[in-house]
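Written below as structure tokens is the structure these notes are about.
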Amino acid sequence: MADISRYCIPYTPFTGKLESSRVGLVSTAGVHMKTQPAFVLAGDNTVRMIPADASPELLSISHEHYEHSDAARDINCVFPIGVLRELVTEGRIGSTTQDHICMGFSQAMREIREKTSVEIASLIRRLKADAVLLTAG
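Per our numbering, residue 574 is the first one in the sequence shown, and the count goes up by one each step.
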């Protein structure tokens with residue numbers, strides 16, 4: 574089994590100030606840009622990078638493992654990209670990462686643990702997130 578400990582830190586309560594923090598978004602809701610390949614519905618451990626300034630009409634959901642009619646009307650239900658931008662405008666968070674991360678549905682837990690989670694942790698570090706909002710589909 575791969576050692577992911579070098580990518581992870583033990584849970585530590587957030588002690589920073591949100592008003593000056595860079596916040597990223599990581600989701601398993603199956604959201605992707607319409608210009609990106611859809612997630613494979615039978616199981617997909619890959620990730621899609623979503624630009625923080627992407628408008629909702631450019632996003633799509635390829636996920637059949639949860640009922641997403643509400644999310645289809647308002648993507649913020651599962652992928653609160655617009656909400657994060659509003660929080661920046663209001664001064665409640667400092668900024669967002671330049672990209673956010675989403676993956677699709679998979680039950681391949683070993684691959685998620687040994688590969689996908691390592692990739693996501695590496696991406697979060699590269700995006701220099703001070704805090705990460707996690708959402709699920």
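Here a beta-carbon is modelled for each residue, glycine too, at the ideal position from N, C-alpha and C.
Computed from a prediction, not measured in an experiment: that's the story for all the values here.
Q) Is R595 near the ligand HEM, going by C-beta to nearest heavy atom under 7 Å? A) Looking at this structure, you won't find the ligand HEM or any other ligand, since it has none at all.
Q. How should A645 be labelled, buried or exposed, when 16 other C-beta atoms within 10 angstroms of its C-beta is the threshold for buried?
A. Exposed, by the Cβ-count rule.
Q: Could you check the C-alpha separation between L700 and V613 for me, to the nearest Å?
A: For the pair L700 and V613, the Cα-to-Cα distance works out to about 26 Å.
Q. Would you say the region 653-665 touches the region 614-621, given that touching needs at least three Cβ pairs under 8 Å?
A. No: the two stretches stay apart, fewer than three of their Cβ pairs being nearer than 8 Å.
(Q) Assuming contact is defined by CB atoms lying nearer than 8 Å, are I746 and V596 in contact in what I supplied? (A) Given a span of 574 to 710 for the chain in the structure shown, any question on residue 746 remains unanswerable.
Q: Look at the Cβ atom of A625, then the Cβ atom of T669, and state whether they are nearer than 8 Å.
A: In contact: A625 and T669 (Cβ atoms closer than 8 Å).
Q: Give the DSSP-derived three-state secondary structure of V661 in the structure shown.
A: Here V661 sits in helix by DSSP.
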